[in-house]
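Take a look at the structure below.
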Amino acid sequence: MNKLNRRKFLKGGLLGGAAALTMSRKAAASESFEGYPDSMGVLVDLTRCIGCRTCEAACNHEQNLPAPDKPFNDYSVFDERGPEGQKRRTTEKAYTVVNRYDTEKGPVFRKFQCNHCQEPTCLTACFVNAYTKTPEGAVIYNPKVCVGCRTCMVACPFYVPAYSYSSATNPVVKKCIMCYDTRLKFGRPPACVEACPQEVMTFGKRKDLIKLGHERIRNNPGKYIDHLYGETEVGGTSWMYLSGVDFNQVGFDTTLGNQPILANVKEFLAMVPMVLTIWPALFTGFHLLATRKEAAKEEQNKNEKGVKP
Amino acid sequence: MKRFVGQGVAIPVDSLIKPNGGGSWSIKEKLLLGLTPEQYMKTLVRNPFNWLLAAIYVVGVPVVVLRFVKGLGYVTHASYDYPWGLFLAWGLFTMVPLSASGFMMGTTVELFGRKDFKPIERLGLLNGLLGYFFAVMFLQVDLGQPWRLIYPMFVSLGPAAVLFLVAWHVATYLSVQVAELVPAASEWLGMKQPKKVIKSVSLGLTIAGIILSTLHQGALGALFTYAPGKVHPLWYSPEFQWIHFLTSAVFGGLCMLIVVSTLAKWFMRWRMDDTFKNSLDPLTLGLAKGASLAMFTYLIIKILAVAHGNKWGYLFTGWGEYYLFELTVGVVVPLILFTSAIRNQRPGLARVAAFMGVFGIALNRINTALIAFNWKLYKEVPAWREVLIVLTVYATYIVVYRAILARLPILYTWKGQAGKYPG
Amino acid sequence: MWQRKRLVTGMAAALALLAVPLAKAETGPETVELDSLAKLYKPVSFNHSAHVEIAGGDCATCHHHTLGTGKIEPTCARCHAHSGAASAVACRDCHPAERFGAKYLQELAQDVNRYHRDKPGLKAAYHLRCLGCHRESGGPTGCQDCHAMTQAGEAFYRAGQYAPVPHAEGTEH
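Chains as they are written, first to last, in the working numbering: chain A, 1 to 309; chain B, 1 to 423; chain C, 1 to 173.
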C-alpha cells in the first residue's frame with residue numbers, strides 16, 4: 001500500500017502542477033518501504049554450493065532458453081574469462097550462472113541471478129513501466145511494452161539484466177523472473193531451488209528466511225561471516241546470501257549501502273515540481289522587468305542622441 | 001557559390017521576388033538557391049567537403065542499414081555491462097547540451113529583451129532544433145525497438161522514471177523549437193499566417209522552452225544517479241548531478257553557437273547579410289560573456305560537489321588527474337581565454353575558447369557515460385561499426401544544417417515585399 | 001498434471017523402500033537402495049556396512065542422535081544428550097522429499113513452535129551428508145561416482161548424446 005501511494009505521488013510530482021509541489025516534501029522525507037509482508041524469498045548458502053551447475057540446467061529448461069555452448073556438467077566454464085578477464089555473468093541465454101572464486105578457504109562457488117530487490121531500480125528507472133514487483137516477491141518484466149532503452153541495465157546495481165542484442169526485430173531484456181509465471185505464482189519454488197542437490201537455496205517467506213539466516217550464523221560459530229547479504233543492501237533483496245568468506249571476495253559489491261538506489265534520484269525528482277510551478281511566474285517577472293529597463297534605456301538613448309552631435 | 005555571385009547571377013535568394021522584376025521565385029528555384037540545376041551540381045562537385053561526406057556515406061549507409069536488418073549486436077559489442085555506448089554518449093548526452101543555444105537565445109532576446117542579439121537568435125534556435133532532432137535520431141539508432149518510441153507517451157506510462165521526463169520534455173521541446181522557427185520557414189515559403197500566430201505566443205513558447213530545458217538538461221544528468229556505484233565518484237553526485245548538467249549545458253550551447261557561427265563565417269560567408277556580418281564579432285563577445293559566466297558557475301559547483309562529498313582523496317589518483325584534465329582543458333582554460341578575449345575585445349580568441357568549451361562538454365559527457373562509467377570494471381572501446389554509424393548520422397546532421405542555412409533566412413534577413421512584410 | 005504424476009511415482013518409490021528389511025539390528029542393513037528420488041541419476045546402491053566400517057561403528061557420524069549412540073553434535077546434545085534411540089532411523093523418515101512443496105511449507109507455517117525448521121529436504125540430506133564427508137575425507141566427489149546419469153539426466157544437463165554441437169552459431173531462437 002505504501003508503495004502504491006509513493007509511486008502515485010511521484011507520478012503527480014513529475015506531471016503535475018501546484019498540487020505536486022506540496023506533495024514533493026513527502027518525496028524527500030518518504031518512509032522506507034518495507035516490502036510486501038508475505039513476499040517470498042530465497043536464502044543462498046554459499047558454504048553449501050559445490051558448483052555442479054544443476055541450477056543452471058534447471059533454469060535453462062524451465063525458461064526455455066537456447067542450448068548452452070557447453071554441457072551443464074562441463075566444469076571448464078569456471079575457468080572461462082571474457083576478453084577483459086571478467087568472469088561469467090548472466091546473459092540473454094543464461095538467467096543464472098555459477099562462478100568459482102579461489103579464496104583462502106579454498107574454492108567458493110557463487111550463483112548469480114536477479115536478486116529481486118524490494119525496491120527495484122530497474123523498475124523505478126523504466127519509463128514504460130515494464131517492470132512489476134509482485135506481492136510474491138518476484139521482479140517481473142513485460143517485453144510487450146519495452147522500448148529497448150536499456151536504462152534498467154544501467155540502473156541495476158548487480159549487473160543482472162541482459163539484452164537480446166542478437167535480435168533485430170524483437171530484442172528484449174532477459175533476466176531471472178524467479179519462475180513467476182510457471183512456479184512462484186502457484187506457490188512453488190523456482191526451478192533452480194528445487195533442482196539443487198545441496199539445498200544451497202532455501203525457499204520461504206522473506207521475513208522467515210532472515211531469521212533462519214541469522215540462526216544459521218549463530219548455530220555454526222566460525223562457519224559464516226556475520227552478515228546476511230541482501231537483508232539491507234539497496235533497501236533489501238528477496239534473494240539473500242550467507243557466506244563463509246568476505247562477500248567482496250566472492251563477487252559481491254559490498255559498497256552499495258542500505259538505501260534503495262531511488263534515494264539518490266529523489267534530489268532531482270523533488271526539484272521537478274518546483275521548476276514546473278515557479279519558473280513560469282519567475283521568468284514572466286524577469287521579462288517584465290527586463291523590458292521595462294529596455295524601454296527606459298531606449299528613451300535615454302534618444303535623449304543622449306539628442307545631446308551628442 | 002562565391003564564384004557565381006561574382007559572375008553576377010541573381011543569387012542568393014533573399015526575397016520572394018526575383019530582382020530585376022523577374023516575378024517570384026518558384027519553390028524549385030529557391031531550393032536550388034536560384035541556380036540552374038547544372039550550376040547547382042557544379043557547386044556540389046567542386047566542394048571537397050562533399051567528397052568527404054560522400055565517402056562517409058558510401059561506407060556508413062550500408063552499416064546503418066545493417067544495424068536495422070541484423071540488430072544492435074551486429075554493430076556494437078552487444079555489451080551487457082555497458083548498455084549505453086557511443087550512440088548515446090555522443091548522440092544524446094553530448095548533442096543535447098550543445099543544443100541548449102535554442103532556449104538560451106530565446107531567453108536572451110524574447111524574455112530579457114536583449115534585441116542586440118536578434119541577428120544571431122535564429123541561428124541559436126536552429127542549432128537547438130537540429131541538435132535535438134538528431135539526438136532523437138541517434139536515440140532511434142540505439143533503441144532496441146525504435147518503432148516503440150511513442151510507447152512512453154501513449155501506450156505504457158512510467159511517469160516516476162527520470163527518462164520519462166526526458167522523453168516527454170524532449171518531444172515537447174522539439175515542437176516548441178519547430179514553432180519558434182516557423183517564422184523563418186514561413187518567410188521563405190511566402191506565407192503570412194503562421195508567422196503571425198507564432199509571434200503572438202512567442203513569450204509563452206520561450207518560457208515553455210526554459211522550463212523544458214531546465215528539466216531535461218538536468219534530467220540527463222539525473223539519469224546517472226540511478227547508477228551511484230558505477231559512475232566514478234568524481235563524475236557522480238546525487239545532489240549536484242542535474243545542476244552540473246544544466247549549467248554546463250548553458251555554456252555548451254553558447255560555445256556551440258560561437259563555433260557554428262565561426263564555421264558559417266569561414267564557409268558560408270556568401271549567405272550572410274551585412275547585419276549579420278557586422279554584428280558577428282560583438283555578438284561573439286557577448287556570447288562569450290554569457291558562456292564565461294556559466295563556466296565560472298559550473299566550476300564553483302563542480303568544486304562544491306567534490307567538497308560536499310568529501311572526495312578530495314580521489315583527486316590524487318589517476319582518475320583525479322584525468323578529472324582535472326577534463327576540467328582544465330574543457331573549462332578553466334577556455335574560461336581564461338574568454339575573459340581575456342572580452343577584456344581585449346578579441347573575438348578570435350573567444351572562438352578558440354568556444355571550440356575548447358565544446359570539446360570540454362563532449363569530454364565530460366563521454367566520460368560520465370562511458371569512461372568513468374563502470375570505473376571498477378574493465379573499459380570498453382566502441383566497435384568500429386558503432387563509430388562509423390555515429391559518423392554517418394553526424395554527417396547527415398551537417399548536411400541538413402548546411403542545407404537549411406543556405407536557404408532559410410537564418411544568417412540573413414528576409415527582404416519582404418515593401419509594405420507587405422514588415423520585419 | 002505433470003507434477004501430480006511425479007508425486008505419485010515418488011510416493012510409490014518411497015513405499016517400495018519401506019520394504020527393505022533391516023538385516024542386522026546392530027549395524028543396520030548390508031546395502032540400501034537409495035532410489036526414491038532417482039530421475040536424472042540412477043538409484044544409488046549404498047553399501048551401508050562398508051560405511052559403518054569407515055565411520056568406525058559410530059552411527060552418529062551419519063545418523064545424528066537417532067540411534068542413541070556415540071558422540072553427537074553439541075547443538076543437538078543440548079536436547080538430545082539422553083534421548084535414546086528414535087523409532088525412525090532412515091533419512092527419508094525425517095527429511096521431507098518435497099522440502100519446498102506447498103504441503104511441507106504449510107506444515108512449517110502452522111507449527112510455529114517447531115524447533116527443526118531448518119531441516120534439509122531428503123535430496124539435500126543425502127548430498128550434504130555424503131558429499132560433506134567425502135569432500136572432507138577425500139572420498140569420491142564426482143556426481144557419477146555415486147550414481148550414473150540416466151537418459152533423462154543427459155537431456156537435462158545437455159550432456160552425452162544431447163551435448164551441444166561445438167561452435168553451433170545461430171542456435172538461439
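Even for Gly, the Cβ is constructed at its ideal location relative to N, Cα and C.
Only 127, 128, 131 and 143 from the segment 126–154 of chain C bring a Cβ to less than 7 angstroms from some Cβ of chain A. For the pair residue 60 of chain B and residue 389 of chain B, the Cα-to-Cα distance works out to about 6 angstroms. Around the beta carbon of residue 102 of chain B, 16 or more other beta carbons sit within 10 angstroms, so the residue counts as buried.
By the rule that beta-carbons nearer than 9 angstroms mark a contact, residue 214 of chain A does not touch chain C. Every alpha helix (DSSP H) of 4 residues or more that sits fully in the segment 24–100 of chain B is shown, in chain order, as 27–31, 37–46, 48–70, 72–75, 86–91 and 95–98. In this structure, residue 45 of chain A places its C-beta atom within 9 angstroms of the C-beta atom of residue 202 of chain A.
Under the 9 angstroms criterion on CB atoms, residue 241 of chain B is classed as interfacial with respect to chain A.
Interface annotation for the segment 107–122 of chain A against chain B: 121, criterion Cβ-Cβ distance under 8 angstroms.
Here residue 85 of chain C carries a strand assignment [DSSP, helix/strand/coil].
With a threshold of 9 angstroms between beta carbons, residue 54 of chain A makes contact with chain C.
Unbroken beta strand (DSSP E) stretches of 3 residues or longer found wholly inside the segment 74–161 of chain C: none. Taken through DSSP and simplified to helix, strand or coil, residue 128 of chain A comes out as coil. Within its own chain, the residues whose Cβ lies closer than 7 angstroms to the Cβ of residue 213 of chain B, once the five positions on either side in sequence are excluded, are 100, 103 and 173, listed in chain order. Annotation note: the segment 140–203 of chain A contains the following uninterrupted alpha helix (DSSP H) runs of length 4 or greater, listed N- to C-terminal: 151–155 and 191–195. Along the segment 62–84 of chain A, the positions whose C-beta sits under 7 angstroms from a C-beta of chain B are 84, read in chain order.
In this chain, the beta strand (DSSP E) harbouring residue 34 of chain C covers 31–34. Taking 7 angstroms as the cut-off between beta carbons, none of the residues of the segment 381–398 of chain B comes near chain A.
With fewer than 16 other CB atoms across the displayed protein chains lying within 10 angstroms of its CB, residue 75 of chain C is exposed. Note that the C-beta distance between residue 88 of chain B and residue 354 of chain B is not below 9 angstroms. CA-CA distance, residue 183 of chain B to residue 195 of chain B, rounds to 4 angstroms. Its chain contains 72 as the residues whose beta carbon lies nearer than 6 angstroms to that of residue 57 of chain A, once the 5 sequence neighbours on both sides are disregarded; these appear in chain order. Among the residues of the segment 191–204 of chain A, those with a Cβ less than 8 angstroms away from any Cβ of chain C are 193, 194, 196, 197, 198, 199, 202, 203 and 204, in the order of the chain. Here residue 213 of chain A is buried, its C-beta having at least 16 other C-beta atoms within 10 Å. Per the coordinates, the alpha-carbon of residue 216 of chain A lies some 10 angstroms from the alpha-carbon of residue 228 of chain A. From the beta-carbon of residue 189 of chain A, the residues of chain C found nearer than 7 angstroms are 100.
Collapsing the DSSP output to three states places residue 103 of chain A in a strand. By alpha-carbon distance to residue 159 of chain B, the top candidate from A:219, A:84, A:90 and A:269 is A:269. Within the same chain, and ignoring the five residues on either side of residue 337 of chain B in sequence, the residues whose Cβ sits closer than 8 angstroms to its Cβ are 349, 350, 352, 353 and 356. The alpha-carbon of residue 111 of chain C is positioned some 51 angstroms away from that of residue 144 of chain B. Within the segment 70–93 of chain C, 75 place their CB atoms closer than 8 angstroms to a CB of chain A, listed in sequence order. A residue is called buried when at least 16 other Cβ atoms come within 10 angstroms of its Cβ; residue 295 of chain B meets this threshold and is buried. The continuous alpha helix (DSSP H) containing residue 325 of chain B extends over residues 318–327. For residue 243 of chain A against residue 250 of chain A, the beta-carbon gap comes to about 6 angstroms, under 8 angstroms, which counts as contact. For residue 259 of chain B, the enclosing alpha helix (DSSP H) begins and ends at 241–267. In this structure, the CA atom of residue 192 of chain A is about 28 angstroms from the CA atom of residue 137 of chain C. Bounds of the alpha helix (DSSP H) holding residue 168 of chain B are 162–189.
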